[in-house]
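Written below as structure tokens is the structure these notes are about.
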Amino acid sequence: PSSFRLGNLFLSSCPGKKVRLTGAVRGRGAVCRDLAIDLQRFKSLGVGALVCCLSDAELGVIGVQWEEYMKEAAKLGLDLVRVPMVEGNCPTSQEYLDAWLEEIVYHCTLKGVNVLVHCRGGVGRAGTIAACWLAKMGLVDEFRPPNEVARRGKVLPAQELLWQCLQVVRMRRSSKAIETAEQAAYIAKYGEYL
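Below, the structure written as structure tokens:
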């Protein structure tokens with residue numbers, strides 16, 4: 002029997018996130034996470050690498066300082082990758098993301114190391130990265146319902162890949178995952194790039 006195991010990809014809101022501390026906004030309550038505790042919990046789940054989709058400025062807005070984040074991650078031996086994106090947006094290019102995904106896949110996923118991707122809420126930008134990771138790994142076909150192609154009719158390969166990736170990420174994380182048309186289009190273009 003083989004002991005080979007692929008690493009998992011987890012999605013999360015930002016560790017250490019602090020928002021709405023002065024009261025509820027539109028019915029949503031305060032969030033006051035502890036960075037060190039969050040990272041320790043991720044480590045206990047077997048996470049060995051983190052992908053942060055936030056800029057220094059956006060981290061600061063939600064109460065997380067990049068220098069502290071790096072220090073806490075290093076204390077726990079967590080590798081850290083930065084793919085910053087503006088909220089609702091995507092990586093700068095397919096080539097840029099693919100270079101990072103190559104690193105993640107070969108240095109983590111194929112070695113059985115779990116990776117956690119986060120943005121502010123762990124749905125839009127992190128969901129986009131997860132969908133592209135699924136495409137890169139070739140993991141989406143196993144999730145497709147057998148009658149889906151027949152029901153939907155003829156579709157282009159990139160559209161089919163996009164649909165499959167969207168379905169898996171939304172099923173596993175949130176029905177709101179991949180929040181914008183730009184993010185969905187990016188996933189389709191990434192599929193064509195592959």
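Residue 17 in this note's numbering sits at position 16 of the sequence shown; the count goes up by one each step and never skips. Glycine is no exception: its CB is placed at the ideal position from the N, C-alpha and C atoms. In this text the structure is predicted, and so the values were computed from the model without any measurement.
7 Å Cβ shell around K137 - same chain, five flanking residues per side excluded: L102, V106 and L195
Span of the alpha helix (DSSP H), counted from its first residue to its last, around A58: D57 to V62
Straight-line Cα distance separating L77 from Q41: 7 Å
For N9, three-class secondary structure by DSSP: coil
Closest Cα partner of C54 within the set R27, A37, P85 and E180: P85
Reduced DSSP secondary structure (H/G/I, E/B, other) of L117: strand
Span of the alpha helix (DSSP H), counted from its first residue to its last, around C53: Segment V48 to C53 is the beta strand (DSSP E) holding C53; no alpha helix (DSSP H) there.
C-beta atoms of Y191 and C109 nearer than 8 Å: no
Helix, strand or coil at V82 according to DSSP, with G and I counted as helix: strand
Inter-residue Cα distance where the pair is W67 and H119: 14 Å
Through-space distance from G64 to V169, alpha-carbon basis: Those two C-alpha atoms are separated by around 31 Å.
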